[in-house]
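So in this note's numbering, the last one in the sequence shown is 547, and the numbering has no gaps at all.
Every residue, glycine too, gets a C-beta built ideally from N, C-alpha and C.
Small disclaimer: the values here were computed from a predicted structure and weren't measured.
First up is the structure itself, then whatever we jot down about it.
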Amino acid sequence: MSVRSDDGAIEVRLTHVSGGYAGRQEALSQARITFGRAPDNDVRLSPQDVRVSAHHAVLLFSDDGWVIEDLESTNGTYVNGVRVRRARVRSGDVLRFGRRGPCVVIERLMPMGEARSATSIAPRDPTLVEATASGTTWRVGRATVQMMIEQAVRRSVRVWRRQTVGIVLGGIAALGLIVGFLLRSERGRVPSPDDFPSFSWIAERNQAAVVLVQHHFRLLDARGRELSAAVSEGSGFAVDSRGLIATTCHVVRPWEWDARFAGRSVRPVTEALRVIFADRAPEEALPAQLVRWSREWDLALLRVDAPEPLPVVMGFEPDLARLRQGDEVAIIGFPLGSALLQTTDQKRATTALARSTLSKVSPTLLHLDVPVLHGYSGSPIFNREGKVIGILTARLGERGESHDPSARAMGLGTPVRFLIQLLKEVS
Numbered sequence: 121m122s123v124r125s126d127d128g129a130i131e132v133r134l135t136h137v138s139g140g141y142a143g144r145q146e147a148l149s150q151a152r153i154t155f156g157r158a159p160d161n162d163v164r165l166s167p168q169d170v171r172v173s174a175h176h177a178v179l180l181f182s183d184d185g186w187v188i189e190d191l192e193s194t195n196g197t198y199v200n201g202v203r204v205r206r207a208r209v210r211s212g213d214v215l216r217f218g219r220r221g222p223c224v225v226i227e228r229l230m231p232m233g234e235a236r237s238a239t240s241i242a243p244r245d246p247t248l249v250e251a252t253a254s255g256t257t258w259r260v261g262r263a264t265v266q267m268m269i270e271q272a273v274r275r276s277v278r279v280w281r282r283q284t285v286g287i288v289l290g291g292i293a294a295l296g297l298i299v300g301f302l303l304r305s306e307r308g309r310v311p312s313p314d315d316f317p318s319f320s321w322i323a324e325r326n327q328a329a330v331v332l333v334q335h336h337f338r339l340l341d342a343r344g345r346e347l348s349a350a351v352s353e354g355s356g357f358a359v360d361s362r363g364l365i366a367t368t369c370h371v372v373r374p375w376e377w378d379a380r381f382a383g384r385s386v387r388p389v390t391e392a393l394r395v396i397f398a399d400r401a402p403e404e405a406l407p408a409q410l411v412r413w414s415r416e417w418d419l420a421l422l423r424v425d426a427p428e429p430l431p432v433v434m435g436f437e438p439d440l441a442r443l444r445q446g447d448e449v450a451i452i453g454f455p456l457g458s459a460l461l462q463t464t465d466q467k468r469a470t471t472a473l474a475r476s477t478l479s480k481v482s483p484t485l486l487h488l489d490v491p492v493l494h495g496y497s498g499s500p501i502f503n504r505e506g507k508v509i510g511i512l513t514a515r516l517g518e519r520g521e522s523h524d525p526s527a528r529a530m531g532l533g534t535p536v537r538f539l540i541q542l543l544k545e546v547s
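Pasting the structure below:
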């Protein structure tokens, strides 16, 4: 993406490296650029990034060059990790809006008019022709040059073609040898932790897409008499910016796993089904509608009407062949649901990250060694690349697999390939 000024040069180029708009690139050609969550900013940061003020900072071209100036934001503006009120910036600097807010990298800064002076060319003398080679410039008469060019072209065109073809073929062969050598070396190399992003980066990139699911419902018998009234809570995550949320079936239809109603005819009545996005207050909850579910896979899809595009997880990794016993994974969700938020007196829904290890990979289940708390059901399971490999669906014993209390330290996850199949049915 590029925007060019009148003289054809890019003035400012930015890349969002974290936050709700991670991966977005922007280019601008003005001397004053504002940052913030409000729509009237030149560089708008995601409304989900609540650490960013509506009008957070401004990038200015002044006598000192390019400077960033904080606009009395709530959480401050940082340059390369240092909080500043006003500071000079250069290409390659990292701007962070809020202590744990989104980051933007300045890919390129060019002072206004610099490109114009750097690329300006003096008018040529109509009787002279320029030719440059090996860093030296010669000027000779037009007629002499024209004759020399015509003779040289006629003599060397066939030689040039043969040399060019030879160089190209030789380069292709050399490139093939290099690539083959690198691939063989890579197959035999043991990956190191430096090959993967940190878990903090994975959380920063994905946690905004995680939601707390709350389902208030009543169960009626065949005569319409109330049998039970309850609230079911769990986690989920946005898989589509237009409003699709993935979670587990037993969070939104818990009575199907309740032994008290096994074999009985019950009629569920939903009082309220809603989701609260990470770092949002309960009053910002969005009403949700159950659109598809699978009891076999313990998966469900909800739909919300969002006023703006939703933050979504980084991506999926459905290939089980890429998962190995002993791989480290991360789970982001809401353990204990709203109860933990109330106990810790939190005004906003704050996610928790749990690190685990794949203890077993089977075609239909992922076994984790993490102790699974109530409320984690529906949480996305991320690999070290930051992609979803599965959905945490239960702890062992929760769905009748075992009644041994010691087995409850093992969590169960549904591979993400089943979620992808469910998404295809919706689309």
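- Task: If I'm right that GLY510 touches GLY533 with Cβ under 8 Å, what's the distance once you round it to whole angstroms?
- Result: Indexing the sequence shown from 1 puts residue 510 at position 390. Indexing the sequence shown from 1 puts residue 533 at position 413. The C-beta separation of GLY510 from GLY533 comes to about 4 Å, placing the pair in contact by the 8 Å criterion.
- Message: For GLU192 and ALA401, what's the separation of their Cα atoms in angstroms?
- Response: For the purposes of this step, residue 192 is identified with residue 72 of the sequence shown, where counting begins at 1. For the purposes of this step, residue 401 is identified with residue 281 of the sequence shown, where counting begins at 1. Rounded to the nearest angstrom, the two C-alpha atoms are 23 Å apart.
- Query: Based on the DSSP secondary-structure assignment, which residues constitute the bridge partners of ARG210?
  - Reply: Within the sequence shown, the letter at position 90 stands for residue 210. Partner(s): none; ARG210 has no beta bridge.
- Task: Over the uninterrupted beta strand (DSSP E) stretch that includes GLU448, give me the two end residues.
- Result: On the sequence shown, position 328 is the one that residue 448 refers to. For GLU448, the enclosing beta strand (DSSP E) covers residues 448-453.
- What's the C-alpha gap between GLY261 and TRP186? Position 141 of the sequence shown, counted from the first residue, corresponds to residue 261. Position 66 of the sequence shown, counted from the first residue, corresponds to residue 186. Residue placement at GLY261 is flagged as unreliable, the pLDDT there being 42, under the threshold of 50; the coordinate-derived value follows with that caveat. Distance between the alpha carbons of GLY261 and TRP186 is about 46 Å.
- Query: What is the DSSP secondary structure of ARG380, counted as helix, strand or coil?
  - Reply: If you number the sequence shown from 1, residue 380 lands on position 260. Helix.
- Query: Of the residues PHE381, GLN150 and VAL546, which one's Cα is nearest the Cα of SER348?
  - Reply: For the purposes of this step, residue 348 is identified with residue 228 of the sequence shown, where counting begins at 1. Ranking PHE381, GLN150 and VAL546 by Cα distance to SER348 puts PHE381 first.
- GLN409 in three-state terms, based on DSSP: For this step, residue 409 is matched to residue 289 along the sequence shown. In the structure shown, GLN409 sits in a strand (DSSP, three-state: E or B).
- TRP186, DSSP secondary structure in three states: For the purposes of this step, residue 186 is taken as residue 66 along the sequence shown, with counting starting at 1. Strand, per DSSP.
- In whole angstroms, what is the alpha-carbon distance linking LEU542 and LEU179? For the purposes of this step, residue 542 is taken as the residue at position 422 of the sequence shown. For the purposes of this step, residue 179 is taken as the residue at position 59 of the sequence shown. Distance from the CA atom of LEU542 to the CA atom of LEU179, rounded to whole angstroms, is 45 Å.
- Message: At 3 residues or longer, what runs of the beta strand (DSSP E) sit wholly inside the segment 326-385?
- Response: Taking only runs of at least 3 residues, the beta strand (DSSP E) segments lying wholly in the segment 326-385 are 330-340, 346-360 and 364-367.
- Are GLY634 and GLU353 closer than 7 Å when you measure CB to CB? As shown, the chain starts at 121 and ends at 547. That puts residue 634 outside it, with no answer to give.
- Message: By alpha-carbon positions, which one of VAL214, GLN445 and THR368 ends up nearest to GLY453?
- Response: Taking the first residue of the sequence shown as position 1, residue 453 is located at position 333. Per the Cα distances, THR368.
- Item | Residue interval of the alpha helix (DSSP H) (run including LYS480) | Position 360 of the sequence shown, counted from the start, is the residue given in the question as residue 480. Here LYS480 belongs to no alpha helix (DSSP H); instead the beta strand (DSSP E) covers 472-481.
- Residues bridged to HIS136 by DSSP? Here residue 136 refers to the residue found at position 16 of the sequence shown. Paired residue(s): VAL224.
- Out of ARG373, LEU478 and LYS467, state which residue places its alpha-carbon closest to the alpha-carbon of VAL411. Start at 1 with the first residue of the sequence shown, and residue 411 comes out as number 291. Across the set ARG373, LEU478 and LYS467, the C-alpha of ARG373 shows the shortest separation from the C-alpha of VAL411.
- Item | Cα-Cα separation, VAL331 to LEU393 | Residue 331 sits at position 211 when you count from the first residue of the sequence shown. Residue 393 sits at position 273 when you count from the first residue of the sequence shown. Distance between the alpha carbons of VAL331 and LEU393: 12 Å.
- Query: So what does DSSP say about ALA401, is it helix, strand or coil?
  - Reply: The residue given as residue 401 occupies position 281 in the sequence shown. When secondary structure is reduced to three states using DSSP, ALA401 falls in the coil class, being assigned neither helix nor strand.
- Query: So what does DSSP say about VAL288, is it helix, strand or coil?
  - Reply: Numbered from its first residue, the sequence shown carries residue 288 at position 168. The DSSP-derived three-state label of VAL288 is helix.
- Burial state of GLN168 (16 or more Cβ within 10 Å): As a first step, residue 168 must be located in the sequence shown, where it is residue number 48. Label assigned to GLN168: buried.
- Query: For ARG133, does the count of other Cβ atoms within 10 angstroms reach 16, so buried, or fall short, so exposed?
  - Reply: The residue given as residue 133 occupies position 13 in the sequence shown. Counting Cβ neighbours within 10 Å, ARG133 comes out buried, since at least 16 surround it.
- Query: Name the DSSP bridge partner or partners of PRO388?
  - Reply: Mapped onto the sequence shown, residue 388 falls at position 268. For PRO388, which the question treats as bridged, DSSP gives the partners LEU339.
- Query: With a cut-off of 8 Å, do at least 3 Cβ pairs link the segment 429-445 to the segment 383-392?
  - Reply: No, they do not touch.
- Label GLN334 either buried or exposed according to how many other C-beta atoms from any shown protein chain fall within 10 Å of its C-beta, with 16 as the threshold for buried. Walking along the sequence shown from the start, residue 334 turns up at place 214. GLN334 counts as buried, since at least 16 other C-beta atoms from the protein chains shown sit within 10 angstroms of its C-beta.
- Please work out which residues of its chain come closer than 7 Å, Cβ to Cβ, to GLU403, disregarding the five sequence neighbours upstream and downstream, and give them in chain order. The sequence position of residue 403 within the sequence shown is 283, counting from 1. Around GLU403: no qualifying Cβ.
- How should GLU545 be labelled, buried or exposed, when 16 other C-beta atoms within 10 angstroms of its C-beta is the threshold for buried? For the purposes of this step, residue 545 is taken as the residue at position 425 of the sequence shown. Burial call: exposed.
- Query: In angstroms, rounded to a whole number, what distance separates the CA positions of PRO222 and ASN326?
  - Reply: Locating residue 222 in the sequence shown gives position 102, counting from the first residue. Locating residue 326 in the sequence shown gives position 206, counting from the first residue. If I take the Cα positions, the gap works out to 12 Å.
- At least 3 beta-carbon pairs within less than 8 Å: the segment 194-202 vs the segment 210-225: Two segments are said to touch when three or more pairs of C-beta atoms, one from each, lie closer than 8 Å; by this definition the segment 194-202 touches the segment 210-225.
- Message: Alpha carbons only, please: which of ALA398, LEU419, TYR496 and ARG338 is nearest the one belonging to VAL432?
- Response: Numbered from its first residue, the sequence shown carries residue 432 at position 312. Nearest in C-alpha terms to VAL432, of all of ALA398, LEU419, TYR496 and ARG338, is ALA398.
- Hey, could you find the ends of the alpha helix (DSSP H) GLU545 is sitting in? Your numbering for residue 545 matches position 425 in the sequence shown. Per DSSP, the unbroken alpha helix (DSSP H) holding GLU545 starts and ends at 536-546.
- Euclidean distance between Cα positions of SER497 and ARG210: To locate residue 497, count along the sequence shown from 1; it is residue 377. To locate residue 210, count along the sequence shown from 1; it is residue 90. Rounded to the nearest whole angstrom, the C-alpha separation of SER497 and ARG210 is 45 Å.
- If you compare alpha carbons, which of ASP447, LEU229 and HIS136 is closest to LEU486? Taking the first residue of the sequence shown as 1, we reach residue 486 at position 366. Nearest Cα to LEU486 within the set ASP447, LEU229 and HIS136: ASP447.
- Query: Among the residues of its own chain, which have a CB less than 8 Å from the CB of PRO243, if the five just before and after it don't count?
  - Reply: On the sequence shown, position 123 is the one that residue 243 refers to. Here PRO243 scores only 39 on pLDDT, less than 50, and its place in the model should not be relied on; the value that follows carries that caveat. Around PRO243: no qualifying Cβ.
- Query: Helix, strand or coil for SER414 per DSSP?
  - Reply: Here residue 414 refers to the residue found at position 294 of the sequence shown. Of the three classes helix, strand and coil, the one that applies to SER414 here is strand, per DSSP.
- Message: Strictly by DSSP, which residues pair up with TYR198?
- Response: The count along the sequence shown starts at 1 and reaches residue 198 at position 78. For TYR198, DSSP records a beta bridge to ARG203 and ARG216.
- The beta strand (DSSP E) with PRO500 in it runs from where to where? Indexing the sequence shown from 1 puts residue 500 at position 380. If you look at PRO500, you'll find it in the beta strand (DSSP E) that goes 500-502.
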